[in-house]
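Student: Order-wise, the sequence lines are chains A and B.
So for the first sequence, the numbering used here puts the first residue at 1249; every next one is plus one.
So for the second sequence, the numbering used here puts the first residue at 2; every next one is plus one.
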Amino acid sequence: QKEVEQDPGPLSVPEGAIVSLNCTYSNSAFQYFMWYRQYSRKGPELLMYTYSSGNKEDGRFTAQVDKSSKYISLFIRDSQPSDSATYLCAMSPPSNDYKLSFGAGTTVTVRA
Amino acid sequence: ETGVTQSPTHLIKTRGQQVTLRCSSQSGHNTVSWYQQALGQGPQFIFQYYREEENGRGNFPPRFSGLQFPNYSSELNVNALELDDSALYLCASSFRGQTEAFFGQGTRLTVV
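1) Excluding five sequence neighbours on each side, which residues of the same chain lie with their C-beta closer than 6 Å to the C-beta of alanine 93 of chain B?
2) Using a Cβ cut-off of 8 Å, pull out every chain B residue sitting near lysine 1347 of chain A, in sequence order please.
3) Once the 5 residues before and after arginine 1419 of chain A are set aside, which same chain residues still bring their CB inside 6 Å of it?
4) Compare the C-alpha of glutamine 18 of chain B against each of B:Asn72, B:Gly107, B:Thr108, B:Asp86 and name the closest.
5) Pick out whichever of B:Thr111, B:Thr108, B:Ser95, B:Leu110 has its Cα sitting closest to the Cα of leucine 1294 of chain A.
6) For the segment 95 to 107 of chain B, list every residue whose C-beta sits within 9 Å of some C-beta in chain A, in sequence order.
7) Assuming glycine 1257 of chain A contacts valine 1358 of chain A under a Cβ cut-off of 8 Å, what Cβ separation, rounded to an integer in Å, is found between them?
8) Using a Cβ cut-off of 7 Å, which residues of the segment 65 to 86 of chain B contact any Cβ in chain A, in chain order?
9) With distance defined between alpha-carbon atoms, name the residue in B:Tyr36, B:His30, B:Gly59, B:Ser28 nearest to tyrosine 90 of chain B.
10) In chain A, which residues lie less than 7 Å from glycine 43 of chain B when you measure between Cβ atoms?
11) Is leucine 22 of chain B helix, strand or coil when you go by DSSP?
12) Regarding tryptophan 1283 of chain A and the ligand GTP, is the C-beta to nearest heavy atom distance less than 8 Å?
13) Taking the alpha-carbon of aspartate 1314 of chain A as reference, which of A:Arg1289, A:Tyr1273, A:Lys1347, A:Val1261 has the nearest alpha-carbon?
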């Protein structure tokens, strides 16, 4: 079993729809949770960063963490064609090495 | 743009050869991590460097080695290249004690 499992997709949604992305994890030591966006042939770009459980909102993006269920989500409201990318969840324990464990990514296409 | 730069952007090598990839970290960041991202997969942690010393290593063989220089830039060296080493190699810089990691655009290595 992988340490981080991510809904594989791909997802195709019409412009303006809400996009829901999810990851589950097995390591209860994870405390830091991140979402990265990766365009084709580019490096990952940090979108959202949360610590422990709870919600965090930034513009059209909302990140949710439920540590009791070992489940994290990213919601994108009013999706735009420019949101078409691969979204990667990543997480890390509160240790000195801060190694990130990633999901495999979900590819999202927003249709105009 | 994150301020993390990697060179070269693309590289083709023959099986058995050696390769060196380079990374300049974002200004103010003192920690560099390297990741390998195979096609369709999430990045996998190779190792991290802090204060010019390896500080944490993932499940990669010793033929993957690295260096960090006093200006916090870094190199990833891979000896005895294998076909399975073909991947996008990502460098991420961060500040010690902060979890957010910022990635470069990656070096795409093809081993033939």
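Beta carbons: idealized from backbone N, C-alpha and C, even for Gly.
Tutor: Inspection of the coordinates gives the following:
1) For the purposes of this step, residue 93 of chain B is identified with residue 92 of the second sequence, where counting begins at 1. Once the five neighbours on either side are set aside, the close Cβ partners of alanine 93 of chain B are Ser34, Ala102, Phe104.
2) As a working note, residue 1347 of chain A is residue 99 in the first sequence. In chain order: Ser34, Phe46, Gln49, Gly57, Gly59.
3) Outside the displayed range of chain A (1249 to 1360) lies residue 1419 of chain A, so it cannot be described from this structure.
4) Start at 1 with the first residue of the second sequence, and residue 18 of chain B comes out as number 17. When each option's Cα is compared against that of glutamine 18 of chain B, the closest is B:Asp86.
5) Position 46 of the first sequence, counted from the start, is the residue given in the question as residue 1294 of chain A. The shortest Cα separation from leucine 1294 of chain A among B:Thr111, B:Thr108, B:Ser95, B:Leu110 belongs to B:Ser95.
6) Ser95, Arg97, Gly98, Gln99, Thr100, Glu101, Ala102, Phe103, Phe104, Gly105, Gln106, Gly107
7) To locate residue 1257 of chain A, count along the first sequence from 1; it is residue 9. To locate residue 1358 of chain A, count along the first sequence from 1; it is residue 110. Their Cβ separation, rounded to whole angstroms, is 13 Å, which puts glycine 1257 of chain A and valine 1358 of chain A out of contact at 8 Å.
8) none
9) Position 89 of the second sequence, counting from 1, holds the residue named residue 90 of chain B. Cα-wise, what sits closest to tyrosine 90 of chain B is B:Tyr36.
10) Position 42 of the second sequence holds residue 43 of chain B. Near glycine 43 of chain B (Cβ distances below 7 Å), the residues of chain A are Leu1336, Phe1350, Gly1351, Ala1352, Gly1353.
11) Your numbering for residue 22 of chain B matches position 21 in the second sequence. Correct three-state label for leucine 22 of chain B: strand.
12) With respect to small molecules bound, the structure shown includes none, and the ligand GTP cannot be examined in it.
13) Residue numbering aside, residue 1314 of chain A sits at position 66 when the first sequence is read from its first letter. Measuring from the Cα of aspartate 1314 of chain A, the nearest candidate turns out to be A:Tyr1273.
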